[in-house]
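Working notes, structure below.
Here's what the structure looks like:
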């Protein structure tokens, strides 16, 4: 039997941009930032209802459930709203890499001494 989670807040109370979107940062339970993607009110509601993080793809104009095709699932642990109500933080239990480049995080590039440096290699296997 699937556990039903109460909605902690009304998705319509968020401040969405002119396209009806709000940024969502995904962070693992240890505090590492994994990625950023967009949600609309329905993606927020679906995420809260199913506990599987669901985003809105701006390029495809469609919902995508993280891990749906890759198996690299994000299970929602907590969904938090920032003080301005215009950004979300999804604390997730990440299975496999979060980035489509097969890295744990999308934030794997830094500027060092005027050059871009890759901080982590793709995961093997």
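Numbering (UniProt numbering), first residue to last: 1 to 125.
Yeah, the Cβ is synthetic: ideal placement off N, Cα and C, and Gly gets one too.
Between residue 121 and residue 24, the C-beta gap is not smaller than 7 Å, which leaves the two residues out of contact.
In this structure, 86 is the residue among 114, 98, 86 and 110 with its C-alpha nearest to the C-alpha of residue 40. Contact check between the region 110-121 and the region 69-89: fewer than three CB pairs, one atom from each, fall below 8 Å, which does not count as touching. Annotated three-state conformation of residue 110 is strand, per DSSP.
Where residue 118 is concerned, the enclosing beta strand (DSSP E) starts and stops at 115-118.
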